[in-house]
Amino acid sequence: MKFQIPIGPQHPALKEPIGLRMTVEGEVIRDADIRLGYNHRGLEKLAEQKTWIQNIYLTERICGICSHSHTTCYVQGVEKLMELEPPKRGLYIRTLVAELERIHSHMLWLGVAGHEAGFDSFFMYTWRDREIVMDILETISGNRVHYGINTIGGVRRDLDEQQIKHILDSLEILRKRSEYYKNLGTNEPSFVARLAGVGYLSKEDAIALCAVGPTLRASGVPMDVRKDDPYAVYDEIPFEVCTADTCDVLGRTVVRIKELFQCYNIIEYLLKNLPAGPVAVRAPRRAKPNEVVSRYEAPRGENIHYIKSNGTDKPERLKVRAPTLGNYAATIKMLKNGFIADVPLIFAAIDPCICCGERAVSLVDARTGQEKIISMNALKNLSLKVTAGKARKREAEWPL
Amino acid sequence: MATVKTLIYLIIYPGLLFLFLYSTFVEWYDRKLYARFQNRMGPTHTGRFGLLQPIADFFKLMAKEDIIPERADRKMFSVLPAVGLAIVFTAMLLLPIWNYSLDRPSVISFNGDLIVLLYLLSLPTFIFFLAGWSSTNLFSTIGGARVLTMLFGYEVPLFLAVLSPAVLANSWRLAEIAAFYRQRPALALINLLGFVIALICVQAKLERTPFDIPHAETEIVGGTFTEYSGKKLAIFRLMIDAEMVVAAGLLATVFLGGFPGGAFLGLINFIIKTLIVIFFLSLLRATTSRIRVDQVVSFAWKYMAPLAILQLLIVILVKGLIS
């Protein structure tokens, strides 16, 4: 017997609204479908009405976790448009914050994976230690989530000796703890039993479906923008691209844990080789008419911003391709022929940031499945017409 | 006089009132332990050390809006929590506490009460299944199906593991089994393997991690309890806590030598021994992740059932040696 299970738009496994529709036979998924558009905020349109500087803070709010990724991606593009050369020290600090953000994102993901697998102790431990990174970020930028450290032509805040010492000390604790998670995540029998072999995505499929980030690397493809197309100072830093060849959720966990250790090495290198000098250069208010594509390796995968300028102090077009959007096609492939019990794990394994990927809304008639385009006012009138005079019936009773 | 005695037995100790208070305490103990294992504080606010938190939760839930889904079987849906609670509270009366004594056994002690207790502990599982089934919600239905699938896995190993000490003690009466192991404590060590198996099976029966599959939050929302709210959910939660007390009491009776010493010492014995059992249950809950329902069944039949039979074999051999 086949029936459909709606996971989302409201479901405890999802932290943001998205519609996953599973056609299942018993406990096995035969078909999957993803519906987007519950979280559209019209950011791209808004960007066209704001100046270059204002847009830094707008792009920062595309995502709550990779906030630095989006600003860096945007700022790099604008710097290319304005033909600016940010100073070395500025780039080093920018990279430092980027790597700290990667640590906090991966730690967060480890906790979420633990929670989705019902391993709440793992969740509590990783999130406790994530606080260490959040504290470092707070000492550097003054903020825990939206750091606001990037500006066009460099960064807004400098580092002093005391901060560098604090970061290096904290790094030692993080290294020790990550070693423990590496053991726990790859050896605890009930946890590994849940992860191994789940959400299989072969190397060919991963390339064909344009998967990005740890999802792609866990299928054995060593692709990383930091190595393939180095930006900022990544061409000077020694680091490895971490891969796994198990092609499943366990592999994605292993890749992320390995990347944590790479991050610690990169941060140590950055702090020990921090050049002296200014952190930013002055940026002009306008950019010449031109267009640019900027790539950035966010914790979740490749982030792409397309920016077009028309000679004014505002962009003519800003197009954002967040990494999550690149992974949706692969997710459907992974979900097919899995168990219902594995849906949250498989979906969480791409580290979805749903509001990042929302770029459009489509109105679909729930009964006929027809799509249509409608103005905002007409939509409002329609909703008033449907709900008019119909208060919800409830079976409320006061028990005491 | 006998009537008053029976009423006290039913209503105050070890019946309704005691079981209600003790199961809320046990919930607090479990929550606190689980929190400490995870480097958290656990309940701290209501009452001293947060001791009153489970009672506060219970009364808060009682006052919440009670919704019955339109398409649910109204009568079945409403009556199930009460029946479940009654079953678990009845099971409590079979445990040999208070007027325990071999020559003057309590009203409800008889030969074969071990079997009745195991039967009464199986019924809540069916209550959960029926609760899921009668809600007609998709998630509840899947939860109900998972409850039954799991039952096929853990029930047989649990019965085998609990019955092997009874075989050694040569009795089906809980009071006699406990007395047997109190007289010969060394023999209780033989049942160690059975104790471990029974602990794991009780964890599965109580649907706690790694066996919280029927109400796995991230997969099927609330599972069997998705549609339950208000009073009915409060009673279900109380029922699960009470079931934990009874199951821990059963293991303590069969494997740890029961609760001797009359009303007062017996009570202290009961509390200490059940808390030891619940400590292991909490430890198991904190250190594992949820497994899949097919993994439960294969684990139960590949490892638990053969080990339980091995335990039975050991017991039969030892019995031949000592007699």
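Protein chains in written order, with my numbering: chain A, -1 to 398; chain B, 75 to 397.
From the three backbone atoms N, C-alpha and C, an ideal C-beta is built for every residue, glycine too.
Quick caveat: nothing in here was measured; it's all calculated off a predicted structure.
**Study point:** CB contact check: A/Asp227 to chain B, cutoff 8 Å
**Key:** On the first sequence, residue 227 of chain A is found 229 positions in, with the first residue counted as 1. False, the Cβ-Cβ gap to chain B never drops below 8 Å.
Exercise for review: Within its chain, find whatever has a CB closer than 8 Å to the CB of A/Val359; leave out the 5 residues flanking it on each side and keep chain order.
Suggested key: Position 361 of the first sequence, counted from the first residue, corresponds to residue 359 of chain A. Counting only Cβ-Cβ distances below 8 Å, and skipping sequence neighbours, we find Gly35 and His38.
Review point. Of the choices A/Ile348, A/Leu94 and A/Ile16, whose alpha-carbon is the least far from that of A/Lys270?
Key: For the purposes of this step, residue 270 of chain A is identified with residue 272 of the first sequence, where counting begins at 1. With distances taken between Cα atoms, A/Lys270 lies closest to A/Leu94.
Review point. What does B/Phe151 reach in chain A if we use C-beta pairs closer than 7 Å?
Key: Residue 151 of chain B sits at position 77 when you count from the first residue of the second sequence. The premise fails here: B/Phe151 is roughly 12 Å from chain A at the closest Cβ pair, so nothing lies under 7 Å.
Practice item. Using alpha carbons as the reference points, say which of A/Phe259, A/Ile101, A/Gly336 and A/Leu41 lies closest to B/Glu293. Key: Numbered from its first residue, the second sequence carries residue 293 of chain B at position 219. The shortest Cα separation from B/Glu293 among A/Phe259, A/Ile101, A/Gly336 and A/Leu41 belongs to A/Gly336.
Exercise for review: Give every residue of the same chain whose Cβ lies closer than 6 Å to the Cβ of B/Ile171, excluding the five residues on either side of it in the sequence, and list them in chain order.
Suggested key: Looking up residue 171 of chain B in the second sequence gives position 97. Excluding positions up to five away in sequence, the list reads Pro88, Phe333, Gly340 and Phe344.
Practice item. Report the rounded CA-to-CA distance for B/Gly394 versus B/Trp102, giving the unit in angstroms. Key: By one-based count along the second sequence, residue 394 of chain B stands at place 320. By one-based count along the second sequence, residue 102 of chain B stands at place 28. So the alpha carbons of these two residues sit roughly 45 Å apart.
Exercise for review: Kindly indicate if chain B contains any beta-carbon less than 8 Å away from that of A/Asp133.
Suggested key: The sequence position of residue 133 of chain A within the first sequence is 135, counting from 1. Not an interface residue.
Point to revise | Close-in-space but distant-in-sequence residues of the same chain around A/Thr57 (CB under 7 Å, 5 per side omitted) | key: On the first sequence, residue 57 of chain A is found 59 positions in, with the first residue counted as 1. Cβ within range, chain order: His68, Thr69 and Tyr72.
Exercise for review: With a cut-off of 8 Å on the beta carbons, I'd call B/Thr283 and B/Thr362 a contact; round off their distance for me.
Suggested key: To locate residue 283 of chain B, count along the second sequence from 1; it is residue 209. To locate residue 362 of chain B, count along the second sequence from 1; it is residue 288. About 6 Å separates the two Cβ atoms, so the contact holds.
Point to revise | Candidates A/Glu81, A/Arg92 and A/Leu44, of which the one nearest A/Ser65 by Cα | key: As a working note, residue 65 of chain A is residue 67 in the first sequence. The residue with the shortest Cα to Cα distance from A/Ser65 is A/Arg92.
Practice item. Could you name the residues of the same chain whose beta carbon sits closer than 7 Å to that of B/Ile383, not counting the 5 residues immediately before and after it, in chain order? Key: The residue you call residue 383 of chain B lines up with position 309 of the second sequence. Result list for B/Ile383: Leu234, in chain order.
Point to revise | Per DSSP, the bridge partner or partners of A/Glu295 | key: Residue numbering aside, residue 295 of chain A sits at position 297 when the first sequence is read from its first letter. BP columns for A/Glu295 point to A/Glu300.
Practice item. Within the same chain, show all residues whose beta-carbon is closer than 8 Å to that of B/Met136, passing over the 5 residues directly before and after it, in chain order. Key: As a first step, residue 136 of chain B is located in the second sequence; it is residue number 62 there, counting from the start. Excluding residues within five positions, the ones whose Cβ falls inside 8 Å are Gly304, Lys305 and Ala308.
Check your understanding: Where does A/Thr21 sit, in a helix, a strand or coil, going by DSSP?
Key -> Numbered from its first residue, the first sequence carries residue 21 of chain A at position 23. Strand.
Practice item. Tell me whether A/Val318 sits in a helix, a strand or coil according to DSSP, three-state version. Key: Position 320 of the first sequence, counting from 1, holds the residue named residue 318 of chain A. The answer is strand: DSSP assigns A/Val318 an E or B state.
Review point. Of all the residues that make up the stretch 115 to 141 of chain A, which are near chain B by a beta-carbon distance shorter than 9 Å?
Key: Ala115, Gly116, Phe117, Asp118, Ser119, Phe120, Phe121, Met122, Tyr123 and Arg126
**Study point:** Proximity to B/Ser196 [Cα-Cα], best of B/Pro259, B/Ile161, B/Ala360 and B/Glu139
**Key:** Reading the second sequence from its first residue, position 122 is the one you call residue 196 of chain B. Of the candidates B/Pro259, B/Ile161, B/Ala360 and B/Glu139, the residue whose Cα lies closest to the Cα of B/Ser196 is B/Ile161.
Check your understanding: Based on the DSSP secondary-structure assignment, which residues constitute the bridge partners of A/Lys0?
Key -> By 1-based counting over the first sequence, the position of residue 0 of chain A is 2. Paired residue(s): A/Glu23.
**Study point:** Within chain B, the residues that A/Phe259 reaches when beta carbons sit closer than 7 Å
**Key:** Here residue 259 of chain A corresponds to residue number 261 of the first sequence, with the count starting at 1. Near A/Phe259 there are no residues of chain B at all, since even the closest Cβ is about 23 Å away, more than 7 Å.
Point to revise | Backbone CA spacing between A/Thr310 and A/Ala296 [nearest angstrom] | key: The residue labelled residue 310 of chain A in the question sits at position 312 within the first sequence. The residue labelled residue 296 of chain A in the question sits at position 298 within the first sequence. If I take the Cα positions, the gap works out to 29 Å.
Check your understanding: Using 8 Å as the threshold, is the stretch 355 to 374 of chain B in touch with the stretch 174 to 193 of chain A, meaning 3 or more CB pairs across them?
Key -> yes
Check your understanding: Which residues, taken in chain order from the stretch 109 to 129 of chain B, show a beta carbon closer than 8 Å to some beta carbon of chain A?
Key -> Phe111, Gln112, Asn113 and Arg114
Practice item. Reducing DSSP to helix, strand and coil, say where A/Phe337 ends up. Key: If you number the first sequence from 1, residue 337 of chain A lands on position 339. Three-state DSSP puts A/Phe337 in a strand.
**Study point:** Residues that B/Val295 contacts on chain A, provided the C-beta gap is smaller than 7 Å
**Key:** As a working note, residue 295 of chain B is residue 221 in the second sequence. Residues of chain A passing the Cβ test: His9 and Pro10.
Point to revise | Per DSSP, cross-strand counterpart(s) of A/Glu369 | key: As a position in the first sequence, residue 369 of chain A is number 371, starting the count at 1. Its beta-bridge partners are A/Val362.
Check your understanding: So with Cβ pairs under 8 Å, would you call B/Arg366 a contact of chain A?
Key -> For the purposes of this step, residue 366 of chain B is taken as residue 292 along the second sequence, with counting starting at 1. Output row for B/Arg366: interface = yes.
Check your understanding: Can you tell me the Cα-Cα spacing of A/Ser119 and A/Arg173, whole angstroms?
Key -> Taking the first residue of the first sequence as position 1, residue 119 of chain A is located at position 121. Taking the first residue of the first sequence as position 1, residue 173 of chain A is located at position 175. Their backbone Cα atoms lie some 19 Å apart in a straight line.
**Study point:** Minimum length 3: unbroken beta strand (DSSP E) runs contained in the stretch 231 to 293 of chain A
**Key:** none
Review point. So which residues on chain A does B/Asp286 lean against when the C-beta distance must stay under 8 Å?
Key: Against the second sequence, residue 286 of chain B aligns to sequence position 212. Here the neighbours are Gly116.
Check your understanding: How would you label A/Val246, buried or exposed, when you count the other beta carbons within 10 angstroms and need 16 or more for buried?
Key -> Taking the first residue of the first sequence as position 1, residue 246 of chain A is located at position 248. In the sequence as displayed, the identity of residue 246 of chain A is Asp instead of Val. The residue is buried, with at least 16 neighbouring Cβ atoms inside 10 Å.
Practice item. Answer yes or no: do A/Gly88 and A/Val290 have a C-beta to C-beta separation smaller than 8 Å? Key: The sequence position of residue 88 of chain A within the first sequence is 90, counting from 1. The sequence position of residue 290 of chain A within the first sequence is 292, counting from 1. Not closer than 8 Å, so no.
Check your understanding: Where does A/Ala194 fall in DSSP's three states?
Key -> Residue 194 of chain A sits at position 196 when you count from the first residue of the first sequence. Coil, per DSSP.
Point to revise | Residues near B/Phe213 by beta carbon distance below 6 Å, same chain, minus five either side | key: Working through the second sequence from its first residue, we reach residue 213 of chain B at position 139. Ile294, Val295 and Thr300.
Review point. How would you list, in chain order, the residues of chain B whose beta-carbon sits under 8 Å from the beta-carbon of A/Ile338?
Key: Translated into positions along the first sequence, residue 338 of chain A becomes position 340. The answer, in chain order, is Ile216, Glu293 and Ile294.
Review point. Using 8 Å as the threshold, is the stretch 351 to 367 of chain A in touch with the stretch 227 to 237 of chain A, meaning 3 or more CB pairs across them?
Key: They do not touch, by the three-pair rule.
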